[in-house]
Amino acid sequence: MEEDERLLPILSNVARQHSLAAEYDGSGNKAGDISADDVDKLAQHFPLCMRHLHARVTEDHHLKHGGRMQYGLFLKAIGLSLEEALLYWKRVFQPRINDEKFAKNYAYNIRHNYGQEGKRTNYSSYSCAKIITTNHPGQGDHHGCPFRHFNADNLRATLRASQVPEPNIQEVLELVKNQHYQVACTRYYEVTHKVPQGQIDLIQHPNSYFDMSMGKTPTQNAKELDQKYTFAKENDTGAAAASASPLKGKPAAAAAAPFAAPGPVGPTKEKEKEVKPPTEDQSFDAMLEGDVPDF
Ligand code: SF4
104 MEEDERLLPI LSNVARQHSL AAEYDGSGNK AGDISADDVD KLAQHFPLCM RHLHARVTED
164 HHLKHGGRMQ YGLFLKAIGL SLEEALLYWK RVFQPRINDE KFAKNYAYNI RHNYGQEGKR
224 TNYSSYSCAK IITTNHPGQG DHHGCPFRHF NADNLRATLR ASQVPEPNIQ EVLELVKNQH
284 YQVACTRYYE VTHKVPQGQI DLIQHPNSYF DMSMGKTPTQ NAKELDQKYT FAKENDTGAA
344 AASASPLKGK PAAAAAAPFA APGPVGPTKE KEKEVKPPTE DQSFDAMLEG DVPDF
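Residue numbers (my numbering): 104 to 398.
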C-alpha cells in the first residue's frame with residue numbers, strides 16, 4: 104500500500120479527534136441543557152461505556168477517580184452545569200457518602216473538571232481513542248471501554264442485557280477479538296438503533312454517540328469523507344479512486360454479518376489503526392494538574 108494512502112485516514116482521524124474534542128469541551132454553552140433529574144432517563148442514549156458507569160454509580164453509590172473523570176466530563180459535555188453536576192453526584196453518592204464527606208472529598212474534583220479550581224482548565228470529555236488506549240482500568244475501576252476492557256463473558260452478558268440478537272453478539276465479539284473496538288461499538292449502535300449497516304461513520308467519541316442517539320446529529324459525514332478521499336487519491340497517484348477511500352468495504356466479520364449493509368459505506372480496518380492498544384498503559388491522570396486522591 105502506498106505511504107500516502109495509509110496516512111490519509113490516520114491524519115483524517117487525528118483531525119477529527121481534534122475537532123470532536125473541541126466540540127465537546129463544554130465551551131459550546133450547552134451547560135444547563137440538562138438537569139440532575141434528567142440523567143437517569145437519558146442513560147438509554149449513552150454508549151455502553153457511560154451506561155456501565157451510570158449503572159455502577161447508581162447501584163454502588165460510588166465511583167473511583169477514573170470513573171468519575173470519564174463519566175463526569177461526559178455529563179458535562181451533554182449539558183450538565185456545574186451546579187447540577189454537584190447536585191447529581193451528591194445525590195447519587197448518598198447514602199454511602201454524607202454531605203460533609205462529599206463536600207470535603209469530591210466537590211473539589213467536580214469543580215476542577217469545570218475549570219473552577221486549580222489552573223481553571225476547562226477539561227474536555229474523553230474521546231474513544233483516549234478511553235481505549237490510556238489508563239487501563241484496575242481492580243474496582245469501572246472506567247474504560249467495555250469493548251476493549253470487558254472479558255468476553257462479561258461483554259456477552261452485557262450485550263444480551265441490551266437485547267442484542269445472538270448472531271450480532273457473535274459478530275461483535277469477533278470484531279473485539281480482532282481489536283476492532285470502535286467498529287464493534289458502531290455495530291452495536293446500528294443493531295440497537297435499527298440503523299442499516301454502513302449508514303453511520305465510525306464511532307469516535309462517546310458524546311457523538313449520545314448526540315446521534317438523541318437525534319441531534321443525524322448521521323455522520325461518511326459520504327463527505329468518501330468524496331474527500333476519492334479526490335485526494337485521484338490527485339495523488341492517479342490509481343483507482345475506489346481503493347483509496349477508507350470508507351469502502353468492511354472488516355471481513357462485519358461484511359459476513361446477518362444484517363448485511365444496503366449502504367455503500369462503512370468503517371474499515373484502516374480507520375481503526377489509530378486506536379490499537381499501546382504496549383504499555385499510560386496514566387492520563389498524570390496529565391491533569393492538581394491530582395486528587397482516589398477515595
Ligand atoms: S467505542 Fe467509544 S463510545 Fe463506544 S463504548 Fe468504547 S469508548 Fe464508549
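Each residue gets a CB set at the ideal place from its N, CA and C atoms; glycine is no exception.
Distance cut-off 7 Å: residue i Cβ against heavy atoms of the ligand SF4
i: Y312; result: yes
i: Q285; result: yes
i: F250; result: yes
i: I61; result: The requested residue 61 does not occur in the structure, where the chain is confined to residues 104 to 398.
i: F309; result: Checking the sequence shown, residue 309 turns out to be Pro, not Phe. Under cutoff, so the answer is yes.
i: L151; result: yes
i: I303; result: no
i: I200; result: no
i: I181; result: no
i: I306; result: yes
Residue j beta carbon less than 8 Å from that of residue i
i: H245; j: L305; result: no
i: H165; j: I137; result: no
i: H148; j: F250; result: no
i: P309; j: S228; result: yes
i: E274; j: R290; result: yes
i: T320; j: L151; result: no
i: N271; j: V294; result: yes
**OP:** State whether the region 210 to 217 contacts the region 179 to 188, with contact taken as three or more CB pairs (one from each stretch) at a distance under 8 Å.
**Re:** yes
Original post:
Three or more beta-carbon pairs under 8 Å between the region 173 to 184 and the region 223 to 235, yes or no?
Top reply: yes
Original post:
Would the region 219 to 228 and the region 138 to 148 be scored as touching if the rule is three or more Cβ pairs under 8 Å?
Top reply: no
Original post:
Can you list, in chain order, the stretches of the alpha helix (DSSP H) that have 4 or more residues and sit fully within the region 199 to 240?
Top reply: 202 to 208, 210 to 216 and 231 to 236
**OP:** State whether the region 270 to 284 contacts the region 203 to 210, with contact taken as three or more CB pairs (one from each stretch) at a distance under 8 Å.
**Re:** no
Original post:
Which residue spans inside the region 131 to 174 form an unbroken alpha helix (DSSP H) run of at least 4?
Top reply: 142 to 145 and 151 to 163
Subject >> Ranges of the alpha helix (DSSP H) found wholly within the region 234 to 298, counting only runs of at least 4 >> reply: 249 to 252, 255 to 264, 269 to 280 and 284 to 295
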